[in-house]
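Trainee: I am attaching a structure below and will ask some questions about it afterwards.
Protein chains: 2
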Amino acid sequence: MGQDLPHPERAEIRIEAVLAALADPMRLHMVRELARLDTGVACGSIDLPISKSTRTHHLRILREAGVVRIRPEGTSRITTLRRDDLNALFPGLLDGVLAAPR
Amino acid sequence: MGQDLPHPERAEIRIEAVLAALADPMRLHMVRELARLDTGVACGSIDLPISKSTRTHHLRILREAGVVRIRPEGTSRITTLRRDDLNALFPGLLDGVLAAPR
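Chains as they are written, first to last, in UniProt numbering: chain P, 1 to 102; chain L, 1 to 102.
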């Protein structure tokens, strides 16, 4: 749990991977919650009707695509949305996604 | 070829379907070309290293997601990007995607 997880640098983030990461309803829900809370959250604190391993799987896809950053903090992991990186690379994309009707 | 193809109404367009449609490199290339040409184009006029049936498959996914409109014109089909619908539903999304580094 104390290990750093790998994240793409800003220049390594690919639009196709970001779009694929966001295209899943559960991951989109996570991203909306992260945007709404607007602060780092412990992985378990977003209420989701899925198992811990499925949650970890979705968070890994979001992390590897460059959508979220996950840092260990004590025995938990804190997840934040990479707003600055996404806005710099794809201006408008995240806001457009978040504005979508449910 | 003279038949109208089904398209979702604006209110029926779902963000998850749009993101999934755009997440494919070939479809993203088609969308970039449609945006660049900024006019309706015959399906065959976008240069792509894929077969006609693969092209048709990708265009169907884009059409069903609400990303493009395809209308028959004589013996060909003209494809246009649904910019107005996408901008109204997800302001910034399309521009953000088109701004992405290649």
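All C-beta atoms in this analysis are idealised placements derived from N, C-alpha and C, irrespective of residue type, glycine included.
Assign P/PRO25 to one of three DSSP states: helix, strand, or coil.
Mentor: helix
Trainee: Looking only at C-alpha atoms, which of L/VAL31, L/ARG14 and L/ARG10 sits nearest to P/ARG102?
Mentor: L/ARG14
Trainee: With 8 Å as the threshold, decide whether the Cβ of P/VAL97 is near any Cβ in chain L.
Mentor: yes
Trainee: Less than 8 Å between C-beta atoms, sequence neighbours within five positions excluded: which residues of the same chain meet that for L/LEU34?
Mentor: VAL41, ILE46, VAL68, THR79, THR80 and LEU81
Trainee: So, using beta-carbon positions, are L/ALA88 and L/ARG10 closer together than 8 Å?
Mentor: Going by C-beta atoms, L/ALA88 is nearer than 8 Å to L/ARG10.
Trainee: Quick one: using the 10 Å Cβ neighbour count with 16 as the cut-off for buried, is P/ARG36 buried or exposed?
Mentor: exposed
Trainee: If contact means a Cβ-Cβ distance below 8 Å, which residues of the segment 19 to 52 of chain P contact chain L?
Mentor: Correct list: LEU19, ALA20, LEU22, ALA23, ASP24, PRO25 and LEU28.
Trainee: Verify the CB distance criterion: does P/GLU73 have a CB-CB separation below 8 Å to chain L?
Mentor: no
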